[in-house]
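Visitor:
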Amino acid sequence: MNFFLDTIDGLSLRILDTFKRFPLASFSAFMVALIWMMLIEIDYTQQSPMSILANKVAFVSTMGIFLFPALHLLNRLIWSKLFGIALIVAYFYFLPTVIESRDITRHLLLLLALCFMFFWAPFINTNISNKNIWEWTQKILLILLATFVLSLTLYIVVAITLYSLNMLFEIEIENRRYLQLAVLVMGLFSVNFFLSQMPKYILLVQRQKYSKVGRVFTKYVLTPTMLLYMVILFGYIVKIILLQSWEKITIDGMIITFSLLAIGTYMFWTPLWVQSNNRFRKLIWGSTFILSIVLALSIWIRFKLGVDIAGLYLISLFALWLGVISLYFLFFKNASYKWLFFSISLSILIFQSGYVMNLVLSLK
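Every number in our numbering is 175 more than the matching position in the sequence shown, counting from 1.
#1: With V235 and F267 assumed to form a contact (beta carbons below 8 Å), what rounded beta-carbon distance in angstroms separates them?
#2: For the stretch 211-260, which segments carrying the alpha helix (DSSP H) assignment without a break, of at least 4 residues, lie completely within its bounds, in sequence order?
#3: Please classify L191: does DSSP put it in a helix, a strand, or coil?
#4: List the endpoints of the continuous alpha helix (DSSP H) containing Y411.
#5: Out of curiosity, what's the CA-to-CA distance linking T425 and L447?
#6: Classify L317 as buried or exposed, calling it buried when 16 or more other Cβ atoms lie within 10 Å of its own Cβ.
#7: Assign R251 to buried or exposed, taking buried as 16 or more other Cβ atoms, counted over all protein chains shown, within 10 Å of its Cβ.
#8: According to the Cβ coordinates, are L249 and A296 closer than 7 Å?
#9: Check for me: the alpha helix (DSSP H) holding T440 runs from which residue to which?
#10: Are the stretch 347-358 and the stretch 409-421 touching by the rule of at least three beta carbon pairs closer than 8 Å?
#11: Rounding to the nearest angstrom, what Cα-Cα distance links L534 and Y488 in this structure?
#12: Tell me, to the nearest whole angstrom, how far the beta carbon of S520 is from that of L492; I am working on the premise that it is less than 8 Å.
#13: Relative to the alpha-carbon of A233, which residue among A334, F433, F202 has its alpha-carbon at the smallest distance?
#14: Assess contact between the stretch 254-271 and the stretch 303-323, defined as three or more Cβ pairs (one per stretch) separated by less than 8 Å. Is contact present?
#15: Output the boundary residues of the alpha helix (DSSP H) element that contains F455.
#16: Roughly how many angstroms lie between the CA atoms of V366 and F507, to the nearest whole one?
#17: Within its chain, find whatever has a CB closer than 7 Å to the CB of G239; leave out the 5 residues flanking it on each side and keep chain order.
#18: Going by other Cβ atoms of all chains shown within 10 Å of its Cβ, with 16 needed for buried, is V360 buried or exposed?
#19: Ignoring anything shorter than 4 residues or poking outside the stretch 344-381, list the alpha helix (DSSP H) runs there in chain order.
#20: According to DSSP, is L270 helix, strand or coil?
#21: Taking G362 as the reference, give the member of G389, F197, K195, A208 with the closest Cα.
#22: Which residue wins for smallest C-alpha separation from L320, given the options I416, L472, F368, A229?
#23: Could you have a look at E310 and say whether DSSP puts it in helix, strand or coil?
#24: Do L541 and F443 have their CB atoms nearer than 7 Å?
#25: Going by C-alpha to C-alpha distance, which of T301, S304, V273, Q313 sits closest to F291?
#26: Ends of the alpha helix (DSSP H) at L286?
#27: Is M405 closer than 7 Å to S462 when the C-beta atoms are compared?
#28: Looking at L289 and F241, is the spacing between their C-beta atoms short of 7 Å?
#29: Nearest to F140 by CA position, among I346, T336, H282, H247, is which residue?
#30: Report the rounded CA-to-CA distance for K394 versus I331, giving the unit in angstroms.
#31: In whole angstroms, give me the CA-to-CA distance for F392 and I315.
#32: Determine the DSSP secondary structure at K394, reduced to helix, strand or coil.
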């Protein structure tokens, strides 16, 4: 009995602490869950002015789930919260009442930019080592993984319980209850659990060495895979150059995949870097810079042929980002991961804004 009471007491304190640290994010999650559960209950396929407006409020509130914690990591003063509220209100005002697929796409891109903000916002005004930033990045990713696993487990357990009640005791449970359950778990439990697990004192994150498993994975699994992919990719590029078949063969996906793999490998090496690894660093960033040039050349050739301009715009932005970030890590000895993450958020915002796309189309 005492164990049960202690558990409830500890859980209550954790919930209250989360509300205290991230009140606006928790409120946003509550609004999303409440509105979507109500819309499911009244059959949201029956579009009415009230349900359309409620859906828009919930849609905008999902942005608050990501925006307010990101701003909290950036600055804990009250003005950052007020700025976040102003952004949410402006977003609600300019967003169309009837949300279309392109609005959803842009919204998801905004959320992705805010997700990467979690990795650079705490360090934007501080000089901190990449080892500390990598430790923080790992913690956030592990918390995200734990949140996903626990949320999925909770949903499955409760869903099986409801199904058992239906089958064994003939208690009628409508299908929409399962969808409402998913909204409840994702909107309330997932968000608040994730926020509750975020470290309070970011600058005190300790640098740690990898375990034996981590070292083996980085040195003998991830690195050889990256090097083998590099050899194959550059050999394939040589073949394309010799055959002059740029317009027939598309290597965008291969270059993007390798670039992400190479950058991921570089970051996994963070606790293992020593002075003698300097050539390996240059190999990684030198190869990604060369590939950014190859990617830009491939884009330009197909652009002149009038191929899929909208798709080329996204890939060209990636090529530009890859070239700039590769030069940064090649020539700046103390290049920081925070600018890597910051540049990703900035690039996503530039892409989703559409201004550069309009310029490209006007040139065409």
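Cβ coordinates follow ideal geometry from the N, Cα and C atoms, glycine included.
Guide: In short, the structure shows the following:
#1: Numbered from its first residue, the sequence shown carries residue 235 at position 60. Numbered from its first residue, the sequence shown carries residue 267 at position 92. Right, the Cβ-Cβ distance comes to about 5 Å (below 8 Å), so this counts as a contact.
#2: Restricted to the stretch 211-260, the alpha helix (DSSP H) segments that are unbroken, complete and at least 4 residues in length are 224-249, listed in chain order.
#3: Residue mapping note: residue 191 aligns to position 16 of the sequence shown, counting from 1. Annotated three-state conformation of L191 is helix, per DSSP.
#4: For the purposes of this step, residue 411 is identified with residue 236 of the sequence shown, where counting begins at 1. Start and end: 398-418.
#5: Position 250 of the sequence shown holds residue 425. Position 272 of the sequence shown holds residue 447. Inter-residue distance for T425 and L447 is about 36 Å (C-alpha atoms, whole angstroms).
#6: Within the sequence shown, the letter at position 142 stands for residue 317. With fewer than 16 other CB atoms across the displayed protein chains lying within 10 angstroms of its CB, L317 is exposed.
#7: Within the sequence shown, residue 251 is the residue found at index 76, counting from 1. Exposed, because fewer than 16 other Cβ atoms sit within 10 Å of the Cβ of R251.
#8: For the purposes of this step, residue 249 is identified with residue 74 of the sequence shown, where counting begins at 1. For the purposes of this step, residue 296 is identified with residue 121 of the sequence shown, where counting begins at 1. Here L249 is near A296, since their CB atoms are less than 7 Å apart.
#9: Locating residue 440 in the sequence shown gives position 265, counting from the first residue. Start and end: 427-443.
#10: Output reads no: the stretch 409-421 does not touch the stretch 347-358.
#11: Along the sequence shown, read from residue 1 onward, the residue named residue 534 stands at position 359. Along the sequence shown, read from residue 1 onward, the residue named residue 488 stands at position 313. With a pLDDT of only 46 at L534, under 50, the local geometry of the prediction cannot be trusted, and no value is derived from it.
#12: By one-based count along the sequence shown, residue 520 stands at place 345. By one-based count along the sequence shown, residue 492 stands at place 317. Their Cβ separation, rounded to whole angstroms, is 13 Å, which puts S520 and L492 out of contact at 8 Å.
#13: What you label residue 233 is simply residue 58 of the sequence shown in a count that begins at 1. Closest option to A233, Cα to Cα, is F202.
#14: Segments in contact, no.
#15: On the sequence shown, residue 455 is found 280 positions in, with the first residue counted as 1. Element bounds for F455: 453-479.
#16: Here residue 366 is taken as the residue at index 191 of the sequence shown, counted from 1. Here residue 507 is taken as the residue at index 332 of the sequence shown, counted from 1. If you take the alpha carbons of V366 and F507, they lie about 38 Å apart.
#17: Mapped onto the sequence shown, residue 239 falls at position 64. Sequence-distant partners of G239 (beyond 5 residues in either direction) whose C-beta falls short of 7 Å from its own C-beta, in its chain, are L199, A200, S203, I263.
#18: On the sequence shown, position 185 is the one that residue 360 refers to. With 16 or more other Cβ atoms within 10 Å, it is buried.
#19: As summarised for the stretch 344-381, the continuous alpha helix (DSSP H) elements at least 4 residues long and confined to that stretch are 351-359, 366-372, given in chain order.
#20: Locating residue 270 in the sequence shown gives position 95, counting from the first residue. The answer is coil: DSSP assigns L270 none of H, G, I, E or B.
#21: By 1-based counting over the sequence shown, the position of residue 362 is 187. Among G389, F197, K195, A208, the Cα nearest to that of G362 is on A208.
#22: Position 145 of the sequence shown, counting from 1, holds the residue named residue 320. Answer by Cα proximity: F368.
#23: Translated into positions along the sequence shown, residue 310 becomes position 135. If DSSP states are grouped into helix, strand and coil, E310 belongs with the helices.
#24: Given a span of 176 to 539 for the chain in the structure shown, any question on residue 541 remains unanswerable.
#25: In the sequence shown, counting from the first residue as 1, residue 291 sits at position 116. When each option's Cα is compared against that of F291, the closest is Q313.
#26: Locating residue 286 in the sequence shown gives position 111, counting from the first residue. Counting along the chain, the alpha helix (DSSP H) containing L286 begins and ends at 276-295.
#27: In the sequence shown, counting from the first residue as 1, residue 462 sits at position 287. In the sequence shown, counting from the first residue as 1, residue 405 sits at position 230. Taking 7 Å as the Cβ cut-off, S462 and M405 qualify as a contacting pair.
#28: As a position in the sequence shown, residue 241 is number 66, starting the count at 1. As a position in the sequence shown, residue 289 is number 114, starting the count at 1. A Cβ-Cβ contact shorter than 7 Å links F241 with L289.
#29: Past the boundaries of the shown model lies residue 140; the chain is included only from 176 to 539, so the question cannot be answered.
#30: If you number the sequence shown from 1, residue 394 lands on position 219. If you number the sequence shown from 1, residue 331 lands on position 156. Going from the Cα of K394 to the Cα of I331 covers about 37 Å.
#31: Position 217 of the sequence shown holds residue 392. Position 140 of the sequence shown holds residue 315. Taking the straight line joining both Cα atoms gives about 20 Å.
#32: Against the sequence shown, residue 394 aligns to sequence position 219. Helix, per DSSP.
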